[in-house]
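According to my numbering, the sequence shown holds residues -2 to 342 in order. For glycine and all other residues, C-beta sits at the position ideal for the given N, C-alpha and C. Report on one structure; see the data block that follows.
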Amino acid sequence: MPVTKFDVEEKYRYQNGFNSPLESEAVEGALPIGHNSPQKVPYGLYAEKLSGTAFTAPRHDNKQTWLYRILPSCAHPPYQPDTESEQTNKTIDGAEDGKLHYIPNQLRWDPFDHDQAKHLDFTTGLRLVAGAGDPTLKEGIGMYIYAAGKSMDEKTAFYSADGDLLIVAQEGVLDIRTEFGWLLVRPMEIAVIPRGVKYQVHLPSGPVRGYALELYQGHFNLPELGPIGSNGLASARDFQSPVACFSEDFGATASEGSTSYTVVVKFNNALFKTVQAHTPFDVVAWHGNYYPYKYDLGRFNTIGTISFDHPDPSIFTVLTAPTTTLGTSVADFVIFPPRWLVGED
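Right under this line is the structure:
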């Protein structure tokens, strides 16, 4: 028989197969039949899904396993650096550039205090809290929290050369002047300012707070709907873009005069500025498919189960930034809106 004769005798039982759906239970009746995440798991266990691919990976490539465990895998104290092993093995360099500190813990951030941000405008109030990749290679993302207490100077404009910025207004109103025109962004709305577009943020209702995600790689798209069909989730017709509006300042059409404008650019996460003798908001007309836009999250058409189980959170995707790997994204912007949960156990 073509098998190896081992010196150490096998002592375990196994399941056989490669890349095949398998199942096992150590206690009879612990494995749910016909569904994955019942409201009441047998024996009071916790249902967890271990994903080896994106939820939206093609079915033939999708890797996932449901685990039914005694306690959630996240039920542990925070991980701390293992300095002893690191010094012994010399295999971990860490984030020596000081830009980001990578840790394996689940994280969330409290909003910034308004009192600490009252002297900041939108751009100076942006704080990088997490990220991955490198804007110089056009790979990855940067995640921000913002808090501001004053409008940007009317003679100052800002743009990012690193990526498209998705803004989530959580508190307060953003009145955004762009080269393409104006966008009024309120709580329950999002806005996207593409890479290279100059803008200026005013605060008509006072202090603001919120979140932002900068996409170094590609651009945001609507997710594919697959079996959902031709309608559902976010509809293209509900996205709103500015109409052309130019400044009538003295320097708008002349290069001479007493008016000066400061333009600040974020380039590889560093800030640079220049002073010019004319306004950057001098676009009288435009056409194309590369422009700022906003979206009312209340218009999102929520999809969910009407029988049993809980579908993957990818059904709540508003915008996605795809990679070259089919079904895998750089980042997904997902919401969990008010909805009916009618699934049965």
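{"Item": "Alpha carbons only, please: which of Val189, Leu323, Ile300 and Gly324 is nearest the one belonging to Trp337?", "Value": "Ile300"}
{"Item": "My output table needs one value for Ser311: the three-state DSSP class, helix, strand or coil.", "Value": "helix"}
{"Item": "Using the three-state DSSP reduction, which class does Thr133 fall into: helix, strand or coil?", "Value": "helix"}
{"Item": "What does DSSP give as the partner residues of Asp161 in its beta bridges?", "Value": "Leu212"}
{"Item": "For Ile164, decide whether its Cβ has a neighbour in chain C, counting only Cβ atoms nearer than 8 Å.", "Value": "This model lacks chain C altogether; it includes just one protein chain."}
{"Item": "With a threshold of 6 Å on Cβ separation, who are the neighbours of Ser34 within its own chain once the five nearest residues in sequence on each side are excluded?", "Value": "Ala44, Asp306 and His307"}
{"Item": "So the beta strand (DSSP E) Ala44 belongs to, where does it begin and stop?", "Value": "Tyr43 to Ser48"}
{"Item": "Inspect the CB distances between the region 52 to 65 and the region 14 to 34 and report whether three or more fall short of 8 Å.", "Value": "yes"}
{"Item": "How would you call Lys2, buried or exposed, if buried means at least 16 neighbouring beta carbons within 10 angstroms?", "Value": "exposed"}
{"Item": "Could you give the uninterrupted runs of the beta strand (DSSP E) lying entirely in the region 280 to 340, keeping only those of 3 residues or more?", "Value": "290 to 293, 314 to 319 and 326 to 331"}
{"Item": "Between Thr133 and the rest of its own chain, which residues show a CB-CB distance below 8 Å, the 5 nearest in sequence each way excluded?", "Value": "Asn265"}
{"Item": "Please name the residue or residues paired with Met140 in a DSSP beta bridge.", "Value": "Ala127 and Leu210"}
{"Item": "Buried or exposed: which applies to Ala231, given that a residue is buried once 16 or more other Cβ atoms fall within 10 Å of its Cβ?", "Value": "buried"}
{"Item": "Could you give the distance in angstroms between the alpha-carbon of Gly207 and the alpha-carbon of Gly122?", "Value": "10 Å"}
{"Item": "Opposite Asn228 in the DSSP bridges: which residues?", "Value": "None; Asn228 has no bridge partner."}
{"Item": "May I have the straight-line CA-CA distance separating Thr88 from Arg10, to the nearest angstrom?", "Value": "At Thr88, the pLDDT of 47 sits below 50, so the modelled position is not reliable and the matter cannot be decided from this model."}
{"Item": "Secondary structure at Asp110, three-state DSSP: helix, strand or coil?", "Value": "coil"}
{"Item": "Using DSSP bridges, identify the partner residues of Asn266.", "Value": "Paired residues: none, contrary to the question."}
{"Item": "Whole angstroms is fine: what's the gap from Pro(-1)'s alpha carbon to Gln12's?", "Value": "19 Å"}
{"Item": "In this structure, does DSSP put Asp342 in helix, strand or coil?", "Value": "coil"}
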